[in-house]
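K.L.:
Sequential numbering from 743 applies to the sequence shown in this note's numbering. Note that the Cβ used here is the ideal one computed from N, Cα and C, for glycine as well. Could you have a look at this structure, given as structure tokens, before my questions?
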Amino acid sequence: MMSFLPFQNQSKMPLVYRLGNALILPSKGPGETWGLAANEAMACGLPVILSSKVGSAPDLVGDKGTGLVFSPGDVDAVAGYICKLQKDRALYRQTSESARQHIRSFSFEKLAEAIEREMQKIAAN
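Next comes the structure, spelled out in structure tokens:
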């Protein structure tokens, strides 16, 4: 079953994500520069199914085992992946854990450390 929810207050989002089995972000065109919902869903342990138009798709999914990147409009790819996750519970658990682990590398602390390292490189030159 798939649900389309109306606006949800940010404070309720962890509960909303826990009610689902995956996040599908089917962006069709320019403008989805990152897609923060994918980060939030991954932090809650959900596999993500992202359109290639979602800016974060290469960084969050790619070949990381955290979900699927699909071409906009490729309904068969999305349906096939959902069925695969539903039938193969071991794959679902592995994808879920990979999502949770991978998103940890995007913490504020780690990003601040990376920025500081780059600034030090610039200052050294």
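Looking only at DSSP bridge pairs, what is G809 linked to?
P.N.:
In the sequence shown, the residue the question calls residue 809 occupies position 67. According to DSSP, which records beta bridges pairwise, G809 is partnered with V790.
K.L.:
Quick check: the Cα distance between M755 and N867, rounded to an integer number of angstroms?
P.N.:
Sequence index remark: in the sequence shown, residue 755 carries index 13 (1-based). Sequence index remark: in the sequence shown, residue 867 carries index 125 (1-based). For M755 and N867, the distance between alpha carbons rounds to 44 Å.
K.L.:
Within the continuous alpha helix (DSSP H) that includes L747, where are the two ends?
P.N.:
By 1-based counting over the sequence shown, the position of residue 747 is 5. No alpha helix (DSSP H) holds L747; DSSP gives it neither H nor E.
K.L.:
Please look up how many angstroms separate the CB atoms of V790 and A764, rounded, as I've assumed it's under 8 Å.
P.N.:
Counting from 1 along the sequence shown, the entry for residue 790 is found at position 48. Counting from 1 along the sequence shown, the entry for residue 764 is found at position 22. About 7 Å; that satisfies the 8 Å criterion.
K.L.:
Using 8 Å as the cut-off, can you tell me whether the region 815–834 makes contact with the region 848–856, which would need three or more C-beta pairs spanning the two stretches below that distance?
P.N.:
The region 815–834 is not in contact with the region 848–856.
K.L.:
Would you give the residue range spanned by the alpha helix (DSSP H) that T837 belongs to?
P.N.:
Numbered from 1 along the sequence shown, position 95 holds the residue referred to as residue 837. Start and end: 831–845.
K.L.:
For V811, is the classification buried or exposed, using 16 other Cβ atoms within 10 angstroms of its Cβ as the cut-off for buried?
P.N.:
One-based indexing of the sequence shown puts residue 811 at position 69. Under this definition V811 is a buried residue.
K.L.:
Note down, in chain order, each residue of its chain lying with its Cβ closer than 8 Å to the Cβ of E839, except the 5 sequence neighbours on either side.
P.N.:
Stepping through the sequence shown from its first residue, residue 839 is reached at position 97. If we look at E839 and ignore the five residues flanking it on each side, its Cβ neighbours are G787.
K.L.:
What distance in whole Å lies between the Cβ atoms of P772 and S793, which are believed to be in contact at a cut-off of 8 Å?
P.N.:
Numbered from 1 along the sequence shown, position 51 holds the residue referred to as residue 793. Numbered from 1 along the sequence shown, position 30 holds the residue referred to as residue 772. That pair is no contact at about 12 Å.
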